[in-house]
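K.L.:
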Amino acid sequence: MKILIVEDDRALNDGIALSLRGEENVQAFSLVQARGLFDESIDLIILDVNLPDGSGLDYCKEIRKRSKVAIIFLTANDMETDIVTGLEIGADDYITKPFSLMVLRARVNAVFRRKPGQAVSEQESGQPEEKLSGSLQRDAKQPGANCFRQEGFFFDFESMRFTVEGVAVELSKTEQKLLKLLVSNCGITLSRNMLIDRIWSDGAEFVEENALSVTMNRLRSKLPGAPVKTVYGIGYVWEKCEKDLHCKAFSH
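Each residue of the sequence shown is one higher than the one before, counting from 3 in the numbering used here.
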């Protein structure tokens, strides 16, 4: 099986190739390289969305006009709308970063078990539901551990309803995990290592170095004015902690 890996992060590209070392791997670090390396001998494209010279989504559309080659997106874009878009434009699967190399291998094998022309079921194609870490699952089961209200912010983690000044905000599951850790420990500085361990505690073998920073930047952009402070060299803290503004007190 010949696989074209299109990923601009060289360490990640090499890691994927190593994980799939039983196959014939062709590595590309940009869309220009991918276009030059793609031919009819390619059986599968593992494709990032955010590339330095363009969008993997556009490249997928381009490929679909002339080929039925299998395509798996491998990207940090983990909103439900991103996943749906990727599948609707012709991808056979969509995996979000950070990810398990074991899961990647299983997904690759699953793609090739499908017969040509076989429709891909929604359950088989979609991203596997991301589970909260054990401690967060326990919190969610405890009465009063799911809701937070403070100065224009309202977060209901049970119903997954989040608003800023009454305006609904859509958060990915990873962003929800980070936010819950911050507000349930308001006033306490949480280290980067602790956050990474708690957020990506599902056995992911490859967590990119900047995964936490990227998730934090996305969260801040969606929650303007949120009292999240970077404590340089340590981690992050949700600074304001008026307990009387909690609609339900978090359990620690």
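Glycine included, C-beta positions come from ideal geometry on N, C-alpha and C.
Please read these numbers as outputs of a predicted model, since none were measured by experiment.
Quick check: F75 and V51, are their CB atoms within less than 8 angstroms of each other?
P.N.:
Reading the sequence shown from its first residue, position 73 is the one you call residue 75. Reading the sequence shown from its first residue, position 49 is the one you call residue 51. Cβ distance < 8 angstroms, so F75 and V51 count as in contact.
K.L.:
What span of residues does the alpha helix (DSSP H) with R66 cover, start to end?
P.N.:
Indexing the sequence shown from 1 puts residue 66 at position 64. Unbroken alpha helix (DSSP H) run through R66: G58 to R66.
K.L.:
From L22 to S102, what distance separates their C-alpha atoms?
P.N.:
Translated into the one-based positions of the sequence shown, residue 22 becomes position 20. Translated into the one-based positions of the sequence shown, residue 102 becomes position 100. Approximately 13 angstroms, taken between the alpha carbons.
K.L.:
Between which two residues does the beta strand (DSSP E) holding G88 run?
P.N.:
The residue given as residue 88 occupies position 86 in the sequence shown. G88: not part of any beta strand (DSSP E); member of the alpha helix (DSSP H) spanning E82 to E90, first to last residue.
K.L.:
On the CB-based measure, 16 or more other CB atoms within 10 Å of its CB, does L6 come out buried or exposed?
P.N.:
For the purposes of this step, residue 6 is identified with residue 4 of the sequence shown, where counting begins at 1. Buried, by the Cβ-count rule.
K.L.:
Spell out a yes or no on whether the region 227-241 and the region 183-203 are touching, meaning 3 or more CB-CB pairs, one atom from each, closer than 8 angstroms.
P.N.:
yes
K.L.:
Find out if the Cβ-Cβ distance for the pair L183, L221 is shorter than 8 angstroms.
P.N.:
In the sequence shown, counting from the first residue as 1, residue 183 sits at position 181. In the sequence shown, counting from the first residue as 1, residue 221 sits at position 219. For L183 and L221, no; Cβs fall outside 8 angstroms.
K.L.:
If distances are taken between C-alpha atoms only, which option among D199, G189, S223 and R37 comes closest to E241?
P.N.:
On the sequence shown, position 239 is the one that residue 241 refers to. Here the closest residue by C-alpha is G189.
K.L.:
So what's S102 in DSSP terms, helix, strand or just coil?
P.N.:
Mapped onto the sequence shown, residue 102 falls at position 100. In the structure shown, S102 sits in coil (DSSP, three-state: anything other than H, G, I, E or B).
K.L.:
Where DSSP assigns a beta bridge to I7, which residues make up the other side?
P.N.:
One-based indexing of the sequence shown puts residue 7 at position 5. DSSP lists Q29 and I48 as partners of I7.
K.L.:
In terms of DSSP beta bridges, what is A170 paired with?
P.N.:
On the sequence shown, residue 170 is found 168 positions in, with the first residue counted as 1. According to DSSP, which records beta bridges pairwise, A170 is partnered with T165.
K.L.:
May I have the straight-line CA-CA distance separating R140 from E160, to the nearest angstrom?
P.N.:
For the purposes of this step, residue 140 is taken as residue 138 along the sequence shown, with counting starting at 1. For the purposes of this step, residue 160 is taken as residue 158 along the sequence shown, with counting starting at 1. Residue confidence for R140 is low, a pLDDT of 32 falling below 50, so the modelled location carries little weight; the figure read from the coordinates is stated next. Roughly 12 angstroms separates the two Cα atoms.
K.L.:
State the Cα-Cα distance for the pair D41 and G24, rounded to the nearest angstrom.
P.N.:
Within the sequence shown, residue 41 is the residue found at index 39, counting from 1. Within the sequence shown, residue 24 is the residue found at index 22, counting from 1. Cα to Cα, the separation comes out at about 20 angstroms.
K.L.:
Hey, is A112's beta-carbon within less than 8 angstroms of any beta-carbon in chain B?
P.N.:
In the displayed structure, chain B is absent; only one protein chain is listed.
K.L.:
What does the Cβ neighbour count give for V185, buried or exposed, with the cut at 16 atoms within 10 Å?
P.N.:
Taking the sequence shown and counting its residues from 1, one reaches residue 185 at position 183. Buried, by the Cβ-count rule.
K.L.:
Under the assumption that M81 contacts E172 (Cβ atoms under 8 angstroms), give the Cβ distance between them as a whole number of angstroms.
P.N.:
Counting from one through the sequence shown, the residue named residue 81 turns up at place 79. Counting from one through the sequence shown, the residue named residue 172 turns up at place 170. So it is a contact: roughly 7 angstroms between Cβ atoms.
K.L.:
Can you tell me which residues form a DSSP beta bridge with P73?
P.N.:
Looking up residue 73 in the sequence shown gives position 71. The sequence as given places Ile at residue 73; Pro does not occur at that position. Answer is I47, bridged to I73.
K.L.:
Give the secondary structure of G24 by DSSP, where H, G and I count as helix, E and B as strand, and everything else as coil.
P.N.:
Within the sequence shown, residue 24 is the residue found at index 22, counting from 1. Residue state, collapsed to three classes: coil.
K.L.:
Please state the DSSP three-state secondary structure of R12.
P.N.:
Here residue 12 corresponds to residue number 10 of the sequence shown, with the count starting at 1. DSSP places R12 in helix when its eight states are reduced to three.
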